[in-house]
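Protein chains in written order, with my numbering: chain A, 1 to 147; chain B, 1 to 104; chain C, 1 to 557. In this text, a Cβ means the ideal position worked out from N, Cα and C, and glycines have one as well. Predicted, not measured: the structure shown is a model, and the values here were computed from it. Please read the structure below before turning to the comments.
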Amino acid sequence: MKLFSDAGLPATYVALPFADWRTRSDWPAVALANTDPVEELAAHVDRLRLVVLHFPKFSDGRAYSQARLLRGRLGYRGELRATGGVLQDQVAFMLRCGFDSFESDQAGFGEALARARTVFSVVYQPAEDGRAPVSLLRHERRNAALT
Amino acid sequence: MAKNLSGDLQVASANRLADGVVVWLDDAGEWTTRLERAAISRDRRSGEILLRRAEAEAFAVIDPFLVAVAEDDDGMIEPLSLRERIRASGLTFDAIAADAVRYA
Amino acid sequence: MPDAHFYRYDDYDRTLVGERVEQFRDQVRRRLAGELTEEQFKPLRLHNGLYLQLHAYMLRIAIPYGTLSSRQLRKLADISRKYDRGYGHFTTRQNLQLNWIRLEDAPDALAALAEVDMHALQTSGNCIRNVTADHFAGAAADEIEDPRIWAEIVRQWSTLHPEFTYLPRKFKIAITGSPNDRAAVRVHDIGLRLWRNDEGEVGFEVIVGGGLGRTPMIGKTLRAFLPRNELLAYLEATLRVYNRYGRRDNLYKARIKILVHEVGVERMRADVEAEYAGTRDGLLGLSSETIEAIAHQFAPPDLPSRPAVVGAVEALKLGDRDFALWLKSNVASHRASGYAIVTASLKPAGAPPGDASAVQMEGVADIADTYSQGELRVSHEQNLILPHVAVEDLPAVYAALGRLGFAEANVGKITDIIACPGLDYCALANARSIPVAQRISSHFASLARQHDIGDLKIKISGCINACGHHHVGHIGILGVDRNGVELYQISLGGDVDFGRTALGTIIGPAVTADKVVEAVDAVVATYLDVRNDGERFVDTYRRIGAQPFKERLYETV
């Protein structure tokens, strides 16, 4: 399986399955099933360097919510990796939810990842990628028109 | 009209990828829009072979499957299920025409 | 041509829709080249409104909150002619379906749609679907606030939402701004009802877990009063709970209604509120300025003063019985004096419900330009609405619609049938719907008889997925397949009106296709025999129960 990173070199830690990691939560890397409660990482986000989230199928979207909670709610800043059904046509959504590294065997995935941030030059929602949603841009435009 | 209704007779069908049109696999391994040209399997074993041939030719069609058909004395075949008869012969009512202002 | 009095795309909206078309063009190219499997491609095409049906691909075009300009309707006619067979089918969710699209043409059809600021985004797939609203919005006399403002805000938020594009199952939101709910908010995944509380503030009742399909359920109140500016944060919290905990092990148990049913609405409420505590202070809060900027675009058109009582209309009413009936059934009161809301019936006797040819679409667009500020609506009852017609112009509009075959005085009557496409088109159906609807509507064609029968809604679905809303039909008809034979289950007493929403009860064994008309006839005859003065069919049913209908029906068929 090839590993692609959107943010520098990917971490090389072995990610422990969540059940194992719980017994030694000082370890900096953990792999969650998409039914595992991300909330339990709250006290550890500063120490964690790698969190791996899993897509059993590309069409099972639970890990998108886990990712957003990790980034937005818990403030995790380490590497967030997607594994399993990771395909180029979903990668733009993954980036928006805060993933920054990806395991994928799909041909052309790397090229698609490089393009993924520019497929859509506007976004309607705030997410975890820091992009300004259209509502904010309109707000600024209105203010600029007033001054 | 005598029909073979044993359910053993089958043809392989699919929808064409590029336009969704209903097609059947003929004896030459080509997909045809004409049901009368479809290759017929006459027992379960040859049905399995037919389906495997269809799957091997599935590059330009979507998800081939077997359709149970009946055959009359003249060799004309007709699907057994209403769904497949509608797939083979189209709508069972007249759709409105593009230039119509009243439904006829 | 008059300006549109609803949301107009700006360069951001146009850019996004355009980029989406190009993304899909590339995906289609990769599929045709064999780089994507059908399994990988299917959700991508569904998210762009493209289904595979029995005979061809079908493109489901979104008509957000059912609002359409004449220019847009003309473009739809144009697209149907260029890329399809010159007709389209208006659906129960304010979409237009074209039934004969080629995959190869789909990107071009979508590009053509984008030219008039329309799209087919998220009209299918396990994502947040096209948001629907009251089809009289912005014109109704009983409206508290225009629900389309909120539908547009939700449309933008839900479009390409990165977290909610692979939900357990599809997710449908409907919004009403009137106490008389015309958007069926109790039978949606989320229904939003604007109302005014005792303090005079307007907010939403948030209803969750309604739906039809194989497990019909009436939605439950998740939040009795939600301040308007908190709408998106609250929706995001609700969707997140659903995305995480909705079932994915069984396709038929994956809708939010099953989650609500299994955990109970109290637990669901607690989970949503807990999640909401974390989202409410985020960037999703709506500033009054943002709301105002969108609300401003829905400002009602400046309607010149026109007389409320017109001699010529009164005279025609006396002289032309059909016109008088049409005024009663197809014309509703407008908030502005001197104006009316006209429903163009897409249910002429014997026709497939909701279908319109390209010429008919263009004809209605012309009428809208001349008489209705260039504006149209699509109703979930599969009709077209002219929202701003001067009372003075009613005779002319009646005549013009009559020339298109759309002036049948049958709105809300027994031939105003909702029907899904059924087995003639649909890959999921078990039985045909359209021919059944055609036979019933031909049988009851007499307008005098229809008006004598009064309000009676027949809804027909060709399978358990209930796209024809049969559960909430006063008379519901569900097609089933028993050993290769089409049979039809009759249910009675369903209702979709707010405060009275009810699911129909199956009355007895299913009948064969050739007996459906007789079965409906027997039900109607029973009603006519026993009704009290002015009592609607569904009220008679509630008063006397199923038994009398059942006895007569099974004596007959």
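- Any Cβ of chain B closer than 8 Å to the Cβ of residue 446 of chain C would place that residue at the interface, and such an atom is absent.
- Membership of residue 89 of chain B in the alpha helix (DSSP H) is indicated by the continuous run 82-89.
- Fully enclosed alpha helix (DSSP H) runs of no fewer than 4 residues occupy 311-319 and 321-330 of the segment 293-339 of chain C, in order along the chain.
- Scanning chain C for C-beta atoms nearer than 9 Å to the C-beta of residue 120 of chain A yields 15, 16, 19, 20, 23 and 160, reported in chain order.
- Annotation for residue 340 of chain C: 331, 334, 389 and 391 place their beta carbon closer than 6 Å to its own, counting only its chain and skipping 5 residues before and after.
- Sixteen is the threshold: since fewer than 16 other Cβ atoms of the shown chains lie within 10 Å of the Cβ of residue 252 of chain C, the residue is exposed.
- Cβ proximity to chain B below 8 Å picks out 350, 351, 352, 355, 356, 357, 358, 359, 360 and 363 from the segment 349-376 of chain C.
- Per DSSP, the unbroken alpha helix (DSSP H) holding residue 106 of chain C starts and ends at 106-114.
- Between residue 128 of chain C and residue 161 of chain C a beta carbon distance of about 7 Å is seen, short of the 8 Å cut, so the two are scored as contacting.
- Residues of chain A whose Cβ lies closer than 8 Å to the Cβ of residue 85 of chain C do not exist; the shortest such Cβ separation is about 31 Å.
- With a beta-carbon spacing of about 5 Å, residue 1 of chain A and residue 103 of chain A fall inside the 8 Å limit used to define contacts.
- For chain C, the residues of the segment 71-87 of chain B that bring a beta carbon within less than 8 Å of one of its beta carbons are 80, 81, 82, 83, 86 and 87, in chain order.
- Taking one beta carbon from each stretch, the segment 128-138 of chain C and the segment 174-182 of chain C have 3 or more pairs nearer than 8 Å; the two touch.
- When rounded, the separation of the alpha-carbon atoms in residue 480 of chain C and residue 521 of chain C is 20 Å.
- Here residue 54 of chain B has 12, 25 and 64 as same chain residues with Cβ atoms under 6 Å from its own Cβ, once five neighbours each way along the sequence are excluded.
- Apart from the 5 residues on each side of it in sequence, residue 101 of chain A sits with its Cβ closer than 6 Å to the Cβ of 5, 10, 79 and 81 in its chain, given in chain order.
- In this structure residue 141 of chain A does not touch residue 278 of chain C by the C-beta definition: roughly 30 Å separates them, more than the 8 Å allowed.
- In this structure, residue 416 of chain C lies away from residue 536 of chain C, with their beta-carbon atoms at least 8 Å apart.
- A straight line joining the alpha-carbon of residue 5 of chain C with that of residue 343 of chain C spans about 19 Å.
- Per DSSP, the continuous beta strand (DSSP E) segment holding residue 54 of chain A begins and ends at 50-55.
- DSSP places residue 489 of chain C inside the beta strand (DSSP E), whose first and last residues are 485-492.
- Annotation note: the segment 480-557 of chain C contains the following uninterrupted beta strand (DSSP E) runs of length 3 or greater, listed N- to C-terminal: 485-492.
- Between residue 151 of chain C and residue 65 of chain C, the gap from beta carbon to beta carbon is short of 8 Å.
- Minimum Cα-Cα distance from residue 326 of chain C among the listed residues C:95, C:450 and C:248 corresponds to C:450.
- Pairwise C-beta distances place the segment 64-83 of chain C out of contact with the segment 393-412 of chain C, as fewer than three of them are shorter than 8 Å.
- Residue 190 of chain C: member of the beta strand (DSSP E) spanning 190-196, first to last residue.
- Residue 165 of chain C is classed as buried because its beta carbon has at least 16 other beta carbons within 10 Å across all chains shown.
- With three or more CB-CB distances shorter than 8 Å, the segment 470-487 of chain C counts as touching the segment 77-84 of chain B.
- Per the coordinates, the alpha-carbon of residue 22 of chain C lies some 28 Å from the alpha-carbon of residue 426 of chain C.
- DSSP places residue 21 of chain A in the uninterrupted alpha helix (DSSP H) bounded by 18-23.
- Boundaries of the alpha helix (DSSP H) around residue 79 of chain C: 70-83.
- Under the Cβ criterion (8 Å, minimum of three pairs), the segment 376-387 of chain C counts as touching the segment 87-107 of chain C.
- Within the segment 472-487 of chain C, the residues whose Cβ lies closer than 7 Å to any Cβ of chain B are, in chain order, 484 and 486.
- Comparing alpha carbon positions, the residue from C:441, C:557 and C:527 closest to residue 487 of chain C is C:557.
- Using a CB distance cut-off of 8 Å, residue 127 of chain A counts as an interface residue toward chain C.
- DSSP places residue 120 of chain A in the coil class of the three-state scheme, outside both helix and strand.
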